[in-house]
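Participant: Residue numbers (the working numbering), protein chains in the order written: chain A, 9 to 211; chain B, 1192 to 1419. Here it is, the structure in full.
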Amino acid sequence: MDYKFPELPYAFNALEPHIDAMTMEIHYTKHHKTYFDKFVAAIKETDMNGASLEEIFAQVSKLPVPVRNHGGGLYNHTLFWESMSPNGGGAPGGKLAEAINAKYGSFEDFKTKFNDAAANRFGSGWAWLSVKADKSLCVCSSANQDNPLMDNFECQGTPILGLDVWEHAYYLKFQNRRPDYISAFWNVVNWPVIEARYESIIK
Amino acid sequence: MKKLIFVLTAIITLPFVMKAQEPVHKFAPLPYAYDALEPYIDKMTMEIHYDRHHRAYYNNFMAAIKGTETESKSMQEIFAQMSTYPTAIRNNGGGYWNHEMFWNCMKPNGGGAPTGKLADAIKTSFGSFDDFKKQFADAGIKRFGSGWVWLVLGKDGKLFITSTANQDNPLMNTEEKRGTPIFCLDVWEHAYYLKYQNKRGDYISAFWNVANWDYVQKLYEQGLLKNN
Ligand SMILES: [Fe+2]
Ligand SMILES: [Fe+2]
């Protein structure tokens, strides 16, 4: 399989005023593109060239660090762009809503847990909602470009929602105020996509 | 009369009493104006970096040690036993100490090259000043995520370059390569994103124009004395 740099599913300014156009443009055309280029270069040096990112992550601890860092950066940002929409926000419905209520009590309680994971990640990283092998939900955070699919990750699972909390994701608009960025994020979450990911995993 | 003596005594001793209650760990003023390092480091970055990030590390560190015996310990003592402390003290204590050193490693009209004993030591360890700059910049570019780059004086009297994650530093017993840091560079994105965005390399190139070699020289000489 050839690796492709994915299209951004909307315009740079589509998530305004929650995520600003300049941040989106630099984030996608510079950061994400660099992860893609460096991943493609790094994976060529291994015998896993052409494997899917999921297969690579499943044994990433045996692969060179650049594969982990840039492969993570490639996958995580793709998932992140698709997790947002100009018509996003609100609350999830369907089976995901039921699972969130069952596990966290309410959508608000889930948000608090996710907010804490995102705010307390020291340095660069991501906050995740993922589905574990036993189909239960799990909120956690990862350092740098690690993610829950990686074999050495403490809370392994399949991520269905990810939030980038590297400073580059919010610094131009929010500077040191990461909690404000996290609050703004909820206005653009593309719940139908997250629900579909959840249902495809549990079925 | 008794009352007067009491009042006089109080007035005379008050400054000493107050001094005794001052915290060991202080939030030092920035040694220059926010715009002093323009155009290399922009004013807004300096202001937010010092007044928000650095101050938050200090406040969080003070909150984490409040009411404990750590309040009276030096940062060096704390870092030497870092692995026995909670994460909040490591992260915020590191952030507090590292930034204070970083501000001092820069100055307006800085730059140029080190001289004297420090220049000789850099030559011995790295070949030339340019080779040192290249290796230091390289360490800064390669640090994935948030962290710092350091020039460190080892116990053997030799200089080496290392980089640390997040707010760790070479004084911490959690670091593999330890020693006395004499020069540092913050490569968290907050240190350069407003002006340089994703171009960390450009930020590092600009940084050389504000390096305060007099200060580094001073730390180097103090470190040598401590080693002996
Ligand atoms: Fe990012
Ligand atoms: Fe900083």
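Even for Gly, the Cβ is constructed at its ideal location relative to N, Cα and C. All values reported here derive from a predicted model rather than from experimental measurement.
Just checking: is the beta-carbon of B:TRP1379 within a distance shorter than 8 Å of some beta-carbon in chain A?
Facilitator: Position 188 of the second sequence holds residue 1379 of chain B. Chain A, which has a Cβ nearer than 8 Å to the Cβ of B:TRP1379, makes this yes.
Participant: Closer than 8 Å, CB to CB, is B:LEU1280 near chain A or not?
Facilitator: Within the second sequence, residue 1280 of chain B is the residue found at index 89, counting from 1. Reading off the sequence shown, one finds Ile at residue 1280 of chain B, where the question assumed Leu. B:ILE1280 does not count as touching chain A.
Participant: So is B:ASN1389 in contact with chain A if we call contact Cβ pairs under 8 Å?
Facilitator: Mapped onto the second sequence, residue 1389 of chain B falls at position 198. At least one chain A Cβ lies under 8 Å of B:ASN1389.
Participant: On a CA-only basis, which of B:HIS1244, B:SER1274, B:SER1263 and B:PHE1252 is nearest A:ALA186? Give me that one, please.
Facilitator: By one-based count along the first sequence, residue 186 of chain A stands at place 178. Before going on, a small fix: residue 186 of chain A reads as Arg here, not Ala. Nearest option by C-alpha distance: B:HIS1244.
Participant: Apart from the five residues just before and just after B:TYR1387, which ones in its own chain have a Cβ nearer than 6 Å to its Cβ?
Facilitator: Along the second sequence, one-based indexing puts residue 1387 of chain B at 196. Correct list, in chain order: ASP1393 and TYR1394.
Participant: Alpha carbons only, please: which of A:MET30, A:GLY58, A:VAL201 and A:ALA126 is nearest the one belonging to A:LYS12?
Facilitator: Sequence index remark: in the first sequence, residue 12 of chain A carries index 4 (1-based). Ranking the options by Cα distance to A:LYS12, first place goes to A:GLY58.
Participant: Which two residues bound the contiguous beta strand (DSSP E) that contains B:TRP1341?
Facilitator: Position 150 of the second sequence, counted from the start, is the residue given in the question as residue 1341 of chain B. That run of the beta strand (DSSP E) goes 1338-1344.
Participant: Could you tell me the boundaries of the alpha helix (DSSP H) in which A:GLY170 lies?
Facilitator: Counted from its first residue, the first sequence places residue 170 of chain A at position 162. Taken as a continuous stretch (DSSP letters only), A:GLY170 belongs to no alpha helix (DSSP H), being part of the beta strand (DSSP E) at 166-172.
Participant: According to DSSP, is B:VAL1208 helix, strand or coil?
Facilitator: Taking the first residue of the second sequence as 1, we reach residue 1208 of chain B at position 17. Its pLDDT being 49, under 50, B:VAL1208 is placed unreliably in this model, and the coordinates cannot settle the point.
Participant: Is A:LYS38 close to chain D, meaning its C-beta is less than 8 Å from at least one C-beta of that chain?
Facilitator: In the displayed structure, chain D is absent; the protein chains listed are A and B.
Participant: Determine the chain A residues that contact B:PHE1335 at a beta-carbon separation under 7 Å, and present them in chain order.
Facilitator: Taking the second sequence and counting its residues from 1, the one referred to as residue 1335 of chain B is at position 144. Going along chain A in sequence order, the residues near B:PHE1335 (Cβ under 7 Å) are ASN77 and ASN152.
Participant: Does any C-beta atom of chain B lie closer than 8 Å to the C-beta of A:TYR189?
Facilitator: Residue 189 of chain A sits at position 181 when you count from the first residue of the first sequence. Output row for A:TYR189: interface = no.
Participant: Kindly indicate if chain A contains any beta-carbon less than 8 Å away from that of B:ALA1328.
Facilitator: Counting from 1 along the second sequence, the entry for residue 1328 of chain B is found at position 137. No, B:ALA1328 does not count as interfacial toward chain A.
Participant: Tell me the DSSP secondary structure of A:THR54 in three-state form.
Facilitator: Stepping through the first sequence from its first residue, residue 54 of chain A is reached at position 46. Reduced to three states, the DSSP call for A:THR54 is coil.
Participant: Nearest chain A C-beta to B:ALA1356 closer than 8 Å, yes or no?
Facilitator: Working through the second sequence from its first residue, we reach residue 1356 of chain B at position 165. So yes, B:ALA1356 belongs to the interface.
Participant: Would you report the Cα separation of B:GLU1291 and A:TYR178, rounded to the nearest angstrom?
Facilitator: In the second sequence, the residue the question calls residue 1291 of chain B occupies position 100. In the first sequence, the residue the question calls residue 178 of chain A occupies position 170. The alpha-carbon atoms of B:GLU1291 and A:TYR178 are separated by roughly 25 Å.
Participant: If you follow the alpha helix (DSSP H) that A:ASN75 is part of, which residue opens it and which one closes it?
Facilitator: In the first sequence, residue 75 of chain A corresponds to position 67, counting from 1. Per the sequence shown, residue 75 of chain A should be read as Val rather than Asn. Note, A:VAL75: alpha helix (DSSP H), 73-90.
Participant: What I want to know is whether the C-beta of A:TRP174 ends up closer than 7 Å to one or more non-hydrogen atoms of ligand 2.
Facilitator: Looking up residue 174 of chain A in the first sequence gives position 166. Result no, Cβ not under 7 Å from ligand 2.
Participant: How would you write the range of the beta strand (DSSP E) that A:ASP124 sits in, first residue to last?
Facilitator: For the purposes of this step, residue 124 of chain A is taken as residue 116 along the first sequence, with counting starting at 1. Per DSSP, A:ASP124 belongs to no beta strand (DSSP E); it is in the alpha helix (DSSP H), 115-128.
Participant: State the Cα-Cα distance for the pair B:VAL1208 and B:GLY1285, rounded to the nearest angstrom.
Facilitator: If you number the second sequence from 1, residue 1208 of chain B lands on position 17. If you number the second sequence from 1, residue 1285 of chain B lands on position 94. No answer about B:VAL1208 holds up, because its pLDDT of 49 lies below 50 and its placement is not dependable.
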